[in-house]
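What follows is a short report on a single structure.
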């Protein structure tokens, strides 16, 4: 990106966006989602995704890899979709936002937990590469919960 484009983007961001909390991940599900329901009866899905980074160690020449685990939670229709279609090992693209909560553990110590609230997902492929198992492969789908209308200042 050239400097002029970066400056235009920075001016736009300063003018239009007070802040940005957005996370995008492509990774593999570490286990089947944990489904539960809120006190109001709304579905909630909790899941973990692994992302990996690999590089060659400059001193040894060996290939190295580090896996990072991310905790995610989804609500409502998104939780239903995740609970119905996502299984351990599935490869997903996830878009969401970070949220940190504060709680007190049983010993009375204050703890913090950061998770990603899922807004959008795309199924990239399934863990089962064998098509001969009698099950149909689920096509990639995208689901976005309804977004509130935004004031766009277009003047019409």
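Numbering (the UniProt record's numbering), first residue to last: 1 to 156.
Cβ atoms here follow ideal geometry from the backbone N, Cα and C, with glycine treated the same way.
Using CA atoms only, rank isn't needed, just tell me which of the options is closest to residue i.
{"i": "residue 41", "options": "77, 27 and 115", "result": "77"}
{"i": "residue 122", "options": "10, 27 and 18", "result": "27"}
{"i": "residue 75", "options": "19, 57, 61 and 43", "result": "43"}
{"i": "residue 100", "options": "87, 59, 94 and 70", "result": "70"}
{"i": "residue 49", "options": "79, 18 and 25", "result": "25"}
With residue i and residue j assumed to form a contact (beta carbons below 8 Å), what rounded beta-carbon distance in angstroms separates them?
{"i": "residue 68", "j": "residue 54", "result": "Contact doesn't hold; Cβ gap of about 12 Å is too wide."}
{"i": "residue 72", "j": "residue 47", "result": "5 Å"}
{"i": "residue 82", "j": "residue 33", "result": "5 Å"}
Going by other Cβ atoms of all chains shown within 10 Å of its Cβ, with 16 needed for buried, is residue i buried or exposed?
{"i": "residue 108", "result": "exposed"}
{"i": "residue 10", "result": "exposed"}
{"i": "residue 106", "result": "exposed"}
{"i": "residue 92", "result": "buried"}
{"i": "residue 124", "result": "exposed"}
What residue does the beta strand (DSSP E) around residue i start on, and which one ends it?
{"i": "residue 115", "result": "110-125"}
{"i": "residue 41", "result": "Element bounds for residue 41: n/a, residue is neither H nor E."}
{"i": "residue 29", "result": "23-29"}
{"i": "residue 99", "result": "91-104"}
To which residues of the same chain is residue i closer than 6 Å at the C-beta, ignoring the five residues directly before and after it?
{"i": "residue 96", "result": "23, 116, 117, 118 and 119"}
{"i": "residue 102", "result": "112"}
{"i": "residue 35", "result": "45 and 83"}
{"i": "residue 87", "result": "32"}
{"i": "residue 79", "result": "43, 44 and 45"}
Return the first residue and the last residue of the alpha helix (DSSP H) that residue i is part of.
{"i": "residue 83", "result": "76-85"}
In chain order, what residues of the same chain lie with their CB nearer than 8 Å to the CB of residue i, ignoring the 5 residues before and after it?
{"i": "residue 110", "result": "102, 103 and 104"}
{"i": "residue 52", "result": "27, 65, 66, 67 and 68"}
Take residue i and list the residues in its own chain whose beta-carbon comes closer than 7 Å to its own, dropping the five residues that flank it on each side.
{"i": "residue 63", "result": "54 and 56"}
{"i": "residue 21", "result": "97 and 98"}
{"i": "residue 38", "result": "44"}
State yes or no: is the C-beta of residue i nearer than 7 Å to some heavy atom of the ligand PLP?
{"i": "residue 77", "result": "Within the structure as shown, the ligand PLP is missing, as the structure has no ligands at all."}
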